[in-house]
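Here the structure comes first, spelled out in structure tokens, and everything after it is commentary.
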Amino acid sequence: MEIKESLLRVENLKKYFPVKGGILGRKEIKQIKAIDGVSFDVQQGETFGIVGESGCGKSTTGRTILRLLEPTEGKIFFQGKNIAELNKSEMRKLRKDIQIIFQDPFASLNPRMKVREIIEEPLINFEVTDRSEREKRVLEVADQVGLTKAQLSRFPHAFSGGQRQRIGIARALISKPKLIIADEPVSALDVSIQSQVLNLMRDLQKEFGLTYIFISHDLSVVKHFCDRIGVMYLGKMVEIAGKNRLYEKPLHPYAEALLSALPSSHPLQKKQRIILSGDVPSPSNPPNGCTFHPRCFKCMDMCKTVNPTLQPVSDQHSVSCHLYHLGQEQSAAGELI
Amino acid sequence: MRKKSSILLTLMLVFALVLTACSSKTETSPTESSKKNAANPVKDRKNELVIGVSAEPQNWDPIDVFLLDWSTIATSVFEGLVDRTLDLELQPGLAKSWKYLDDKTLQFKLREGVKFHDGEPFNADAVKFTFDRLLGEEGQKGPQYSNYSSIDKVEIVDEYTVNLKLKVKDPVILTKLAGYGAVIVPPKYIKEKGDENFNNNPVGTGPFKMTSYKRDQEIVLEKNPDYWKEGLPKLDKVVFKVIPEASTRLAELQTGKIDIMKRVEVSQAKTVKETAFLELRDVGTPTAFALRFDVAKKPLDNKLVRQAINYAVDKDAIIKEILSGYGKPISTFQSDLSFGNNPDLKPYPYDPEKAKELIKQAGVKEGTSLDVMIPGNDGNFKEIAQAVSFYLEEIGLKVNIKTADGTTMNSDLIPQGKAGHMYRQGWGGWTLDFDNTAYLMYHEGEFWNPSFKDEKVERLLTAQRNTVDQKEREKIFKELTEILYDLAPELNLYSAVDLYAVNKRVQNFQPPHEDRLRLEEVSVK
Amino acid sequence: MIGYVIRRLFHTVLVVFAISLLIFFSIRLTGDPVSVMLSAGEPSKEAIAQLKANLGLDKPLYVQYFIFLKGLVMFDFGESFRSGGPVIDLIMDKAGATLALAVGGILVSIVIAIPVGILSAVKRGTFVDFFGRVFSLMGISFPNFWLGIMLILIFAVNLKWLPSSGFDGPQNLILPSITLGMILSGILARLVRSSMLEVMNQQYISTAKSKGISDWAVIIKHAFRNALLPTVTFIGLQFGSLLGGAVIVEQIFSWPGIGRLIIDAINQRDYPVVQGGVIFLSIIMVFVNLVVDLSYSLIDPRIKSGGSGHA
Amino acid sequence: MTSLQPQEQIHQKEMDVLPKKSHIRSFWKFIKKNPAGFIGMLLVILSVAAALLSQWIAPFEPTKASLSSRLVPPSWADENGESAFLLGTDQVGRDLLSRIIYGTRISLMVGFLGVLISMVIGTILGLVSGYFGKWLDDFIMRIADIQLAFPFILFAIVIMSVLGTGIWKIIIILGLTYWVGFARLIRGQVISLKEQEYIQAARAIGGTQFRIIRKHILPNVLSSILVLGTMYIAEFILLEASLTFLGLGVDPTIPSWGGMLADSRNYVTTAWWTATFPGIAIMLTVLGFNLLGDWLRDRFDPNMKV
Amino acid sequence: MVQKVLEVEKLKVGINDDGRKIAIVNGISFTLEKGETLGIVGESGCGKSMTSLSLMGLLPPGVEWLEGDIQTHDLHFKKFNKQDWRKVRGKRIAMIFQEPMSSLNPVYTIGKQIMEMILSHEHVSKQQARDRALEMLKLVGIPRPEQVLDEYPYQLSGGMRQRVMIAIALSCNPEILIADEPTTALDVTIQAQILELMKKLQEQLHMSIVLITHDLGVVAEMCNRVIVMYAGEIVEEAKVVDLFDETKHPYTKGLLASLPDIADEKEYLSSIPGIVPAPENMPSGCRFAPRCPNVHQRCMEAPPLFDVKGSKVKCWLYEHGDSEVVM
């Protein structure tokens, strides 16, 4: 395996939200483990997808990497530097290199700022002091995302969802970041608009050699857009694989069920569904052992007590399930894989 | 829609007008109102009188309070050795007679057969107990002690004779014995039930006994059947209702909820007079009002300026216009009821020209500004202060009227000399003797005298205290008032006239000069 | 839940403690009670010193505060300088009247504001809405002393329907309650209206309508029930401040309430009464807020511990 | 959420449609749609105009007292026809109309300055409390609790007996008391704003905290501040009157409506105009600010709980 | 023999702005047959939600029913007064909404909310209503139904709440169920559960479903017939298989093409350029014309709905049957 320094490497990242209680309201009475030991890496120029259902911690992961949320534990190496250790102002400056696009194009733009100001703001923050330089860059990036000059002097409410998302992309792009975390960038958009935005993002990736972390709950979008995909469940990464590999043969039972639950794209194509029973448990009170075991259709005894870890089963394919690692340990691996 | 809204706006205006104007209009024209209000609203109140007062003392123990509000009611409950008639003449009270054994000893013959409301007898023991208590530890906690500090002790001669021993000569002691801290209290009752109980359940020898006391609401007095004055009191019951707001008090009177309203505002006089079943009664009081000068402040350190101000203000106009005539002009800081009042002195006449001249003579610059401080809750005086300011501006002085809360003003600002150049002071002189006023106002170092100082005045003040010869004192006061008139330590304005509004069913009611209601002779139709 | 109550009670203690400090020292800034008490006589220096000692005012301030605090722990507010009686008795004496007035005021405002608020939300943008709002705003557009005096002139003096003052029976409560209630009703109506508008946009209102139940059932059972939370919060907060804040109404209608007691006491520099009264009020106020918070869980089952505290 | 809520659609449509019409028409439409807001605005404009133009529109000096013309009835209600005063004179013979016109200044000054002080304090504390949270939030909110548990009138009396009375003291007391309302309102809004994605976005693009507060949070709470401020102006005007009633108000020479009303309450039955007109002036102005505030709230923040 | 349970005729719904009427739904007609699932697909703002709300008489304030009629064999909705509507709502036509988290009233128990529906339409005792509610909870597959009956909505997950909503909607045996984006707010795995459930219940209860969605996958899964709406109009109506296999209208084609497909490896998705026109600025001709790849002169004029082999298409391309002339 070739040793290549990844653009981003996340090691054992944890984010717990405290639930306060006690007489003074100061005591931490329990924790919500929004993400609980997530590790993955992202290579320069690729698109890494994170997929999972609501509450699985995929958005939290994205925001913790950017340190919009302070990580409880773990390391985040960006270009070899652990950014989890940076102090606030160092981190602030580093955000020039890592940007984020948000899900809700209605909520992520300040309604009281003009589009021009919104796009320009990162430049002010990152101390581009020359006005004309800023103006030039704004026009440039606006052009790249397909906004006209006239549109720059309007307020966000005058735009449709797709256009707003373009504004959001322009804002993320203007500081020339190396990594963009796209947090459900198209899930609030209509299908026809969604494809416009996805195409735009792809264009930009090619033009600027961007690296994306693409967070989404929409399996088909992820499949379309990403190179490698990590599947999350209840704060944990349960499987990471290249997209074709994952979609053809998911290993983790959850990934399997998730893929089978996709509505068919044609009425005559009848699928054999794995309908999972029950709901996702609460992250404040996750089940013992493998967190997926209460819903798992392949649950074994040890799943109820022993928490599996994410381990590679082959090159570029890791899974966190006893089915595979148990086998490995008991030297029955080959059979299963 | 728009039409509707403009209609609504009009409706609102009408509503506001109705609320204010119409509620009053019915009574503005006298001809109409005398017809309308001809019927006396008091119908089924038997031999009972209800009086609306503005405040109550919170505490009935005579040694703990020194308030007119107390004496208004407590005069019916308690009696002193001496009594003062409605005309302010001294007359026997619980003592049948008295005489000076020497300058410092007074002997009292006590009335026999008098009983306290709880049945215990009134005798020499009770008198001794009363004064021991007043001058003892209990009394020293209260405001009355200092009024009687000239008394040394009371000696019992026999059951109905006592001797009052004085430490120093006290020319006004007899007057003081007529009320307040010196009213006689029941020894057994207090000893058994305690002081605290006595605060709320007073027992005396007066014509009425207090049967119910609801703090801040009402005080009920019932006839004392064993009262020593034959055939008195005539009423079975008197209720005092505490109604602080004057307009509400008047409303209660108009609706017949009360029979007598104490403290009618001048502005309400007209309404009362126009109401057929009501009667307005006015009575002169010992309380004098002045704007006193802080003579430590420039330019008031100059006598000429002080005199000029006295000339500049048209006191008669103020009395006539603002007080509707319910006030009397004064020449010194005392009313004509006060012993020591000098009838020969006439108030400074209104003479703006003279005033201007004096100002000029004193070298005061045009537009010099003076701070005048008045209590914020005295509506009448606000008007007066503004009139004064108007007059002073005529002679080139600028006036800033400042308000303060009354208590702060009296207890902090005036004593500390922080009450501006001029400040309002009203002074009753409860002993009806100029000594009380003059000593406290002009004697150096007194609480309420932040700055005034004059050797001659000091000398005369001491002299009048050293004699019990009232003729002698009168002479001293004559000299004193003349000096004070010239020194003009205050802008004397008027002495107050109290207004009482009385339902015509009330018979024989005579308003008191000094707030102490006498109700034993009163009856109702 | 119990933990929450304990936590809130702890906060209450903190607040009351802070208020005790505040009132203790600020009342001492207003002036000297001895000079007020003795002012009518001829106080000698000795008499003043004597009285000060008797009242315990000669001790250093922190000692005085400590004594005061010690009493406070056992609900002993000391004795009134003026009447000599225990302060707690004076307060309890007025508590009933104060409570009655506060309840009366709240009731009047509820009776006016809730129908107005609901109607103007339901009929938003119509004449009913406009009229309702203007009417309810009229209530807060008069100075309350003015309204009180006018009500007395109209209903007591001219129409002779109601008594103008005193504390004799329920009919005495009507005018003061209206005076107080009118002021509240404007704000309350506005609050009910906006809460209703917010709730009426919720999906569950559509659900309720889709069930085919009557409009009024939707409005009252579904919408108003959910708009109740902010309403109750507001009423709770107001109830607290009505207890001590109705001073003017108390004065006009000669209502023997705690507000007047405290004002008189301030005027007389009767420190113990002021201290006791203010602390009593603040305890009640914080307590009412606590009860309001706890009542949330009755109104809205989602709130079990009320983590966010009061609104 | 993929499809727009129907209400939103309509709203957007309104916004798009309105500006196309002529100004007069849209103004007319505005009146028709918001009669209450319009009346409010009109009343506020009137009172502000009266305050600014007092010197020119008042027929007499507001402080000019003259005992000879005490309590003269309004000229149109004077049976003798001698009155030269449109609204009559007061108990010291000053022209009521002039005093009412000048009184607007006092009332608005108390209202505006009081609101300004409480707004500045409350906004800063509310922002700090809501944005930084933690112990700072706790601390500020406890102070707010204490402030709330201390009845306003009592607070005013205590302060005034220490500092003395006067219009500036009223303004300061109002400002020092009512910051709590602003602080709580803003704190609540900031807490919910903080969760908004655009605030997160502002951090993500490297904004400093100060910049985020200034550029992103403050502009978005301004409308609520404005609404509450408008309503507080109304309340403050009334409170000044109430304090004056209790004898804690402004000096009697200053033409304050509250003072005029309080001092003339005993003349209600004998000289009705002395109390009626200041009463109407207060009512209309306060109503105006309330209606305006109400409308602003409906417009900007219909769910605001004030 | 197919039985029509509902017929919508030239329904026009819009806002009446001072006499100026702006249509949001512009004269649509369709029928609903017994036992079928009719899908209404379209992007935001196409009028699909307004259509469903008009079926219930629940148009939001400011939005009016301008023209047209809705009728069943015995009722003309246009003539309805409030009472009539109430009788229909819930009893004949029931509805479930998009947001399961907010479509239940937070302050009442689940049981109470189901019972309310039953009690307002049927003369049964409370106990009977409660029994029925329990039965309904069992029917929609809620675990521990006895307890859930006394629980509050906040205690349930989104999927469970949507089940409860279905239970409420079906508790009076309506002929028609309108499901307005019933799974949009749910996760994929939960969506699968709910769709399964709806299918099962439809078979069991023989009701007709109007399924409003933007998700063509859900349509493929659930519907018999589909109506595609664009800018307030029906642009295509077809059997579901035809819609996917013989897509006719350029808009539908564009829509399908812009969907990412798991099976298909494309670097770029095709997309429809431009945005949906606002209701007050509708193009006078074909409303899709400004975005249409096949636009031609004829499109300046609004096309009618042409019948093409059992489908209906609103496009001039199909003026002469199925001749798919590309211009």
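Chains as they are written, first to last, in the working numbering: chain A, 9 to 345; chain B, 9 to 533; chain C, 5 to 315; chain D, 153 to 458; chain E, 38 to 364.
All C-beta atoms, glycine included, are put in the ideal place defined by N, C-alpha and C.
Compare the C-beta of Gly-35 (chain C) with all C-beta atoms of chain D and state if any pair is closer than 8 Å.
-> Here the question's residue 35 (chain C) lines up with position 31 in the third sequence. Yes, its Cβ sits closer than 8 Å to a Cβ of chain D.
Taking Ile-153 (chain C) and Val-420 (chain D) to be in contact with their CB atoms under 8 Å, please state how far apart those CB atoms are, rounded to whole angstroms.
-> In the third sequence, counting from the first residue as 1, residue 153 (chain C) sits at position 149. In the fourth sequence, counting from the first residue as 1, residue 420 (chain D) sits at position 268. With 8 Å as the limit, Ile-153 (chain C) and Val-420 (chain D) qualify as a contact, their Cβ atoms being about 7 Å apart.
C-alpha distance - Leu-192 (chain C) paired with Ile-110 (chain C), whole-angstrom precision | For the purposes of this step, residue 192 (chain C) is taken as residue 188 along the third sequence, with counting starting at 1. For the purposes of this step, residue 110 (chain C) is taken as residue 106 along the third sequence, with counting starting at 1. Leu-192 (chain C) and Ile-110 (chain C) have their alpha carbons spaced roughly 10 Å apart.
Compile a chain-ordered list of the residues in the region 88–105 of chain E whose CB is closer than 7 Å to at least one CB of chain C.
-> Met-93, Leu-95
Go through its chain and collect everything with a Cβ distance to Arg-162 (chain A)'s Cβ below 7 Å, but skip five positions before and after it.
-> If you number the first sequence from 1, residue 162 (chain A) lands on position 154. Closer than 7 Å at Cβ, skipping near neighbours: Lys-122, Val-123.
Where do the ends of the beta strand (DSSP E) carrying Ile-106 (chain A) lie?
-> For the purposes of this step, residue 106 (chain A) is identified with residue 98 of the first sequence, where counting begins at 1. Note, Ile-106 (chain A): beta strand (DSSP E), 106–109.
Contact the region 221–232 of chain C vs the region 133–144 of chain C: 3+ CB pairs below 8 Å = no
Within this structure, are the beta carbons of Val-342 (chain D) and Val-379 (chain D) separated by less than 8 Å?
-> As a working mapping, residue 342 (chain D) is identified with position 190 in the fourth sequence. As a working mapping, residue 379 (chain D) is identified with position 227 in the fourth sequence. Taking the C-beta atoms as reference points, Val-379 (chain D) is found no nearer than 8 Å to Val-342 (chain D).
Arg-57 (chain E) classed as buried or exposed, judged by whether at least 16 other C-beta atoms fall within 10 angstroms = Start at 1 with the first residue of the fifth sequence, and residue 57 (chain E) comes out as number 20. The residue is exposed, with fewer than 16 neighbouring Cβ atoms inside 10 Å.
DSSP state of Phe-305 (chain A), grouped into three classes?
-> Looking up residue 305 (chain A) in the first sequence gives position 297. Phe-305 (chain A) falls in the coil class under three-state DSSP.
How should Gln-369 (chain B) be labelled, buried or exposed, when 16 other C-beta atoms within 10 angstroms of its C-beta is the threshold for buried?
-> In the second sequence, residue 369 (chain B) corresponds to position 361, counting from 1. Around the beta carbon of Gln-369 (chain B), fewer than 16 other beta carbons sit within 10 angstroms, so the residue counts as exposed.
Using the beta-carbon of each residue, which ones in chain D are nearer than 9 Å to Ile-108 (chain A)?
-> For the purposes of this step, residue 108 (chain A) is identified with residue 100 of the first sequence, where counting begins at 1. Residues of chain D passing the Cβ test: Gln-352, Ala-353, Ala-356, Ile-357.
Mind pulling the chain B residues with CB within less than 7 Å of Asp-403 (chain D)?
-> As a working mapping, residue 403 (chain D) is identified with position 251 in the fourth sequence. Ordered by position in chain B, the residues that pass the 7 Å Cβ test against Asp-403 (chain D) are Ile-409, Lys-410, Thr-411.
Taking only beta-carbon positions, decide if Val-438 (chain D) is within less than 8 Å of chain B.
-> Taking the fourth sequence and counting its residues from 1, one reaches residue 438 (chain D) at position 286. No, because no Cβ of chain B sits closer than 8 Å to the Cβ of Val-438 (chain D).
Which residues of chain C have a Cβ atom closer than 7 Å to the Cβ of Asp-72 (chain B), listed in chain order?
-> Position 64 of the second sequence holds residue 72 (chain B). Those are Gly-88, listed as they occur along chain C.
Going along the chain, which residues of its own chain have a beta-carbon closer than 7 Å to the beta-carbon of Ser-299 (chain C), five neighbours each way excluded?
-> As a first step, residue 299 (chain C) must be located in the third sequence, where it is residue number 295. If we look at Ser-299 (chain C) and ignore the five residues flanking it on each side, its Cβ neighbours are Val-236.
Just how far apart, CA to CA, sit Met-152 (chain E) and Val-42 (chain E)?
-> Residue numbering aside, residue 152 (chain E) sits at position 115 when the fifth sequence is read from its first letter. Residue numbering aside, residue 42 (chain E) sits at position 5 when the fifth sequence is read from its first letter. C-alpha separation (whole angstroms): 26 Å.
How long is the line joining the alpha carbons of Arg-281 (chain A) and Pro-180 (chain E), rounded to whole angstroms?
-> Taking the first sequence and counting its residues from 1, one reaches residue 281 (chain A) at position 273. Taking the fifth sequence and counting its residues from 1, one reaches residue 180 (chain E) at position 143. Between Arg-281 (chain A) and Pro-180 (chain E), the C-alpha separation is close to 21 Å.
Check each residue of the region 107–127 of chain A: if its Cβ is closer than 8 Å to any Cβ of chain D, include it; give the result in chain order.
-> Correct list: Gln-107, Ile-108, Phe-110, Gln-111, Asp-112, Ala-115, Ser-116, Leu-117, Asn-118, Pro-119, Arg-120, Met-121.
Three-state secondary structure (DSSP) at Lys-410 (chain B)?
-> Here residue 410 (chain B) corresponds to residue number 402 of the second sequence, with the count starting at 1. It is a strand residue.
Which word fits Phe-70 (chain C), buried or exposed, when buried means at least 16 other C-beta atoms lie within 10 angstroms of its C-beta?
-> Walking along the third sequence from the start, residue 70 (chain C) turns up at place 66. Result: exposed.
Straight-line CA distance for Arg-526 (chain B) to Thr-80 (chain B)?
-> Here residue 526 (chain B) is taken as the residue at index 518 of the second sequence, counted from 1. Here residue 80 (chain B) is taken as the residue at index 72 of the second sequence, counted from 1. Going by the C-alpha atoms only, they are around 8 Å apart.
Lys-164 (chain C): contacting residues in chain B (beta-carbon distance under 7 Å) = Your numbering for residue 164 (chain C) matches position 160 in the third sequence. In chain order: Thr-263.
Should the region 505–512 of chain B be regarded as contacting the region 252–269 of chain D, the criterion being three or more beta carbon pairs within less than 8 Å?
-> no
Could you pull out every residue in the same chain whose Cβ sits closer than 6 Å to the Cβ of Pro-519 (chain B), ignoring the five residues on either side in sequence?
-> One-based indexing of the second sequence puts residue 519 (chain B) at position 511. Sequence-distant Cβ neighbours of Pro-519 (chain B) in its own chain, meaning closer than 6 Å and more than five residues away, are Arg-289, Val-291, Tyr-508.
CB contact flag (Gln-120 (chain E), Glu-44 (chain E), <8 Å) = As a position in the fifth sequence, residue 120 (chain E) is number 83, starting the count at 1. As a position in the fifth sequence, residue 44 (chain E) is number 7, starting the count at 1. No, these two residues do not count as a Cβ contact at 8 Å.
Taking just the CA atoms, how far does Ser-81 (chain E) sit from Ala-115 (chain A)?
-> Position 107 of the first sequence holds residue 115 (chain A). Position 44 of the fifth sequence holds residue 81 (chain E). A straight-line Cα-Cα distance of about 17 Å links Ala-115 (chain A) and Ser-81 (chain E).
Three-state class that DSSP yields for His-451 (chain B) in the structure shown = Position 443 of the second sequence, counted from the first residue, corresponds to residue 451 (chain B). Note: His-451 (chain B) maps to coil in three-state DSSP.
Have a look at Phe-116 (chain B) and Gln-433 (chain B) and give me their C-alpha separation to the nearest angstrom.
-> For this step, residue 116 (chain B) is matched to residue 108 along the second sequence. For this step, residue 433 (chain B) is matched to residue 425 along the second sequence. Between Phe-116 (chain B) and Gln-433 (chain B), the C-alpha separation is close to 37 Å.
Entirely within the region 118–194 of chain E and at least 3 residues each: give me those beta strand (DSSP E) ranges in chain order.
-> 130–133
With Asn-535 (chain B) and Ile-338 (chain B) assumed to form a contact (beta carbons below 8 Å), what rounded beta-carbon distance in angstroms separates them?
-> Residue numbering for chain B in the displayed model covers 9 to 533; residue 535 (chain B) lies beyond these limits and cannot be assessed.
Range covered by the alpha helix (DSSP H) that runs through Leu-99 (chain D) | Any question about residue 99 (chain D) goes unanswered here, given that chain D covers just 153 to 458.
Neighbour flag for Met-341 (chain D) against chain A, beta carbons, 8 Å = Residue mapping note: residue 341 (chain D) aligns to position 189 of the fourth sequence, counting from 1. The displayed chain sequence assigns Gln, not Met, to residue 341 (chain D). Cβ-Cβ to chain A under 8 Å: no for Gln-341 (chain D).
Amino acids of chain D, ordered along the chain, whose beta-carbon sits closer than 7 Å to that of Phe-134 (chain A) = Stepping through the first sequence from its first residue, residue 134 (chain A) is reached at position 126. Those are Gly-358, listed as they occur along chain D.
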